[in-house]
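The structure appears right after this line, and notes come after that.
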Amino acid sequence: MAEGPKSIRELLVEIKDNSDRMVDLALASLYFEDEELANLVRRLEERMDELSYQFFQCAAVVSRSREEAKRLVGLLQIAVSAENISNACGDLITPVLKRMGVHPLLKDALASASEKLAKIKIREGSHLANQRLGDSKLPSTLGVWVLAIKRGESYEIPNKDTIPEPNDLLVVKGPLEGLRKVCKMCGETFKPPSPSAKFRTIRKTLAKMRDAALLSVDLAYSSVLLNLPEPAQLVGEIEEKFDRLSYKLWAETLKLAKKGEKELASMLETVRYLERITDSADLIADLMVRGIEPHPVLAEVVEETDEKISRIQVKPGSVLENRTVGELNLWATTGTYILFLERGEEFIYTPSARTKILVGDRLVLRGSYAGIEKVRRLAEAGVPEA
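So that you can map any letter, position 279 of the sequence shown is 286 in my numbering, and since no number is skipped, the others follow by simple counting.
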């Protein structure tokens with residue numbers, strides 16, 4: 008049966024989910040130098056082209072008045088930015104698809120980033136074999152997301168109803184401790200990444216750039232989806248920081264190239280594509296910077312995307328009160344990540360492990376619906392969940 012026409016809301020949800028997914032999968036294909044994963048990214052890029060065409064077609068139909076056209080500008084800008092992210096991801100995977108080779112230092116940099124990647128094989132009789140992914144609750148309990156599943160020769164995007172079978176290969180992202188536990192659940196032994204000590208400055212700089220690019224996208228979306236102008240301003244600051252890191256990386260790479268390390272120059276292409284992602288995030292955030300009123304449909308998009316962004320206030324008597332971010336370890340226990348917290352008029356971005364949570368703080372989190380609801384209950388209750 009042919010797929011019926013989608014609404015603007017449905018299209019925007021799929022566009023956002025796909026662009027988020029493509030960033031993770033493109034980086035994973037580089038890290039593992041996996042051509043089949045890169046092919047999956049290419050298929051998603053083609054799907055994004057279709058979605059964008061449908062979205063603009065739909066927008067042209069509904070914008071029957073000047074007023075409605077003005078309201079749609081913000082949605083169009085988000086759709087364009089998401090497609091730009093998709094195109095950048097399509098370019099990121101070029102070294103894999105063309106079998107040009109991925110420099111080991113780039114893999115080391117990805118291994119040094121805050122979110123780790125792993126491939127895990129499902130063993131016969133293991134805990135995750137023949138169980139719905141939705142029932143395993145990996146995102147909300149361990150902070151681990153299954154990005155793709157390989158069964159046979161090709162990868163597919165899983166959903167909550169997907170049932171992993173023995174010999175399936177999972178591509179996952181998450182914190183080290185979470186990955187270690189998922190390996191055990193699959194009957195595998197976890198082998199943590201061990202980046203080389205060589206070219207430490209370049210490796211650390213590139214890892215920071217990867218984290219900055221992904222953070223800028225999260226902050227841009229949180230700004231427009233929650234109608235908060237402050238994170239949008241930070242996106243511009245992150246873009247400036249990214250430019251400084253880029254200059255540092257280029258200078259260091261060219262210096263080493265003069266000493267005979269010419270292969271390092273191949274990583275500069277990766278930097279260009281990451282920069283396009285931060286530029287796209289800045290375009291999303293620009294809506295709030297210029298004071299364009301968010302379209303009402305964005306509130307519905309917040310509810311329906313795979314990874315949610317939500318704001319939760321800490322109530323008196325909450326078990327979160329006077330606990331540090333490090334003590335709570337929400338990423339590993341609920342699969343949620345604190346993008347920033349609001350404390351009165353102050354905004355504290357990517358709070359450190361020593362940051363203490365106070366009554367009245369409003370936490371802006373990214374994570375699964377179940378994980379965010381778990382934090383919401385902790386923020387309101389005096390007794391932690393079992």
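Ideal Cβ positions, reconstructed from N, Cα and C, are used throughout, including at glycine. Since the structure is predicted, the reported quantities are computational estimates derived from the model, not experimental observations.
- Taking 4 residues as the minimum length, the alpha helix (DSSP H) runs contained wholly in the region 285–362 are 304–311, 332–335, 337–341, in order along the chain.
- Burial state of Y60 is exposed, judged by a 10 Å Cβ sphere holding fewer than 16 other Cβ atoms.
- Sequence-distant partners of R361 (beyond 5 residues in either direction) whose C-beta falls short of 7 Å from its own C-beta, in its chain, are T331, G333.
- Contact check for E387 and S325: beta-carbon distance about 6 Å, within the 8 Å limit, so the pair qualifies.
- The distance from the Cβ of R49 to that of G97 is about 7 Å, consistent with a contact at the 8 Å cut-off.
- Excluding sequence positions up to five before and after L335, its CB lies within less than 8 Å of the CB of L327, I364, all in the same chain and listed in chain order.
- Listed in chain order, the beta strand (DSSP E) elements of length 3 or more contained wholly in the region 111–137 are 123–128.
- Per DSSP, reduced to three states, the secondary structure at I170 is coil, with no helix or strand assignment.
- Going by DSSP, R49 is part of the alpha helix (DSSP H) stretching over 42–69.
- Its chain contains P202, S203, R210 as the residues whose beta carbon lies nearer than 6 Å to that of D115, once the 5 sequence neighbours on both sides are disregarded; these appear in chain order.
- Apart from sequence neighbours up to five positions away, the residues of its chain that approach G342 with a beta-carbon distance below 6 Å are P146, S147, G150, G374, S375, G378, ordered along the chain.
- F249 and P173 have their C-alpha atoms roughly 42 Å apart.
- When rounded, the separation of the alpha-carbon atoms in C193 and I129 is 5 Å.
- Proximity to V69 across A339, W152, I15 peaks at I15, based on C-alpha coordinates.
- Annotated as distal: G367 and A292, with beta-carbon spacing of 9 Å or more.
- Exposure of D142 is indicated by the presence of fewer than 16 other C-beta atoms within 10 angstroms of its C-beta.
- Membership of I156 in the beta strand (DSSP E) is indicated by the continuous run 152–158.
- According to the DSSP assignment, V178 belongs to the beta strand (DSSP E) that extends over 176–181.
- Counting the other Cβ atoms within 10 Å of the Cβ of N329 gives fewer than 16, which makes it exposed.
- Judged by DSSP in its simplified three-state form, S203 adopts coil rather than helix or strand.
- Proximity to L226 across V179, T101, D289 peaks at D289, based on C-alpha coordinates.
- Under the three-state reduction of DSSP output, R106 falls in the coil class, being neither helix nor strand.
- The beta carbon of F206 sits closer than 6 Å to the beta carbons of L112 from its chain, once the five residues preceding and following it are set aside; these are given in chain order.
- Remark: C-beta atoms of I345 and V309 do not approach each other more closely than 9 Å.
- For G374, the uninterrupted beta strand (DSSP E) segment begins and ends at 369–374.
- When the beta-carbon positions are compared, G185 and P236 stay at least 9 Å from each other.
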